[in-house]
Amino acid sequence: MERLWTPWRMAYLKGEGGAPQGCIFCLKINGSDEAEHILFRGRTVYITLNRYPYNNGHLMVIPYAHVPSLEDLDDSTMLELMQLVALSLRVLRQAYRPEGFNIGANIGRPAGAGVADHVHIHVVPRWTGDTNFMPIIGNTRVLPEWLDDTYRRLRPLFEAFADPSRKAQP
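Here you go:
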């Protein structure tokens, strides 16, 4: 029998570290970009790696505003949200050459939102055949790249491709 070793998942499986107090997306904002895997900070929205990705390059585009749904965002935030989704596509195409993407938001717990109080958009690169028996039978995803490596791969591309006027002002 073949074995797939994933020792880095043990802390997650054991629930070590406990659940953070407060919104994880709001807490990320105050952390360091590298530690929190924040790839780009816009004026009203930021882009981060998903800590539990479906595929390598799975990003989330998240407004700074703590609101539960898209209709709660002001027009300028909604515009920047969509602009940074488009920037994410451009960066991921350059870095990974995906054949397609899933882009979406799960609004509310019944729709599958893990963080229901803070709206966010998932951007997931896809390839033909990227789903196989592992997620279905083994409830396990096989990802060939560590999150830190993904961060180091994508961060320079966001810096290179982003319009400087979109960057957050320190």
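Residue numbers (UniProt numbering): 1 to 170. Glycine included, each C-beta is placed from N, C-alpha and C at the ideal position. Bear in mind the structure is a predicted one, so any value in this text is a computation, not a measurement.
DSSP beta-bridge partners of residue i
i    : result
F101 : P125
I38  : T48
K167 : G42
Collapsed DSSP secondary structure at residue i in the structure displayed
i           : result
residue 172 : Here the chain covers residues 1 to 170 and nothing more, so residue 172 does not appear.
I136        : Unreliable positioning characterises I136 in this predicted model, as indicated by a pLDDT of 44, which lies under 50. A coordinate reading is not provided.
V85         : helix
P63         : strand
I29         : helix
V91         : helix
M70         : The sequence shown places Leu at residue 70, not Met. In this structure, L70 counts as helix in the three-state DSSP scheme.
E2          : Caution is warranted here: a pLDDT of 48 is assigned to E2, below 50, making its placement in the model unreliable, and no coordinate value can be reported.
T150        : helix
P110        : helix
P156        : helix
Whether residue i touches residue j by CB criterion (7 Å)
i           : j    : result
L84         : V45  : yes
L39         : F161 : no
T77         : P63  : yes
residue 172 : L147 : It is not possible to answer for residue 172, since the shown part of the chain is limited to 1 through 170.
When the options are compared against residue i, the one with the closest alpha-carbon
i    : options                : result
S165 : H58, R41, G22          : R41
A95  : P53, L81, R152         : R152
R51  : D163, A168, G104, T150 : T150
E32  : T48, G22, A65, L87     : As written in the sequence, residue 32 is Ser, which differs from the Glu given in the question. When each option's Cα is compared against that of S32, the closest is T48.
K167 : H66, M60, A35, L81     : L81
P156 : E34, N30, F25, K28     : E34
I29  : N55, Y54, P53, H66     : H66
P125 : L27, G112, G114, R97   : R97
A86  : A113, N102, D74, A111  : N102
Supposed contact pair residue j and residue i - C-beta distance, whole angstroms, cut 8 Å
i    : j    : result
W127 : E145 : W127 to E145, Cβ: 14 Å. No contact.
V123 : L92  : 7 Å
G108 : A116 : 6 Å
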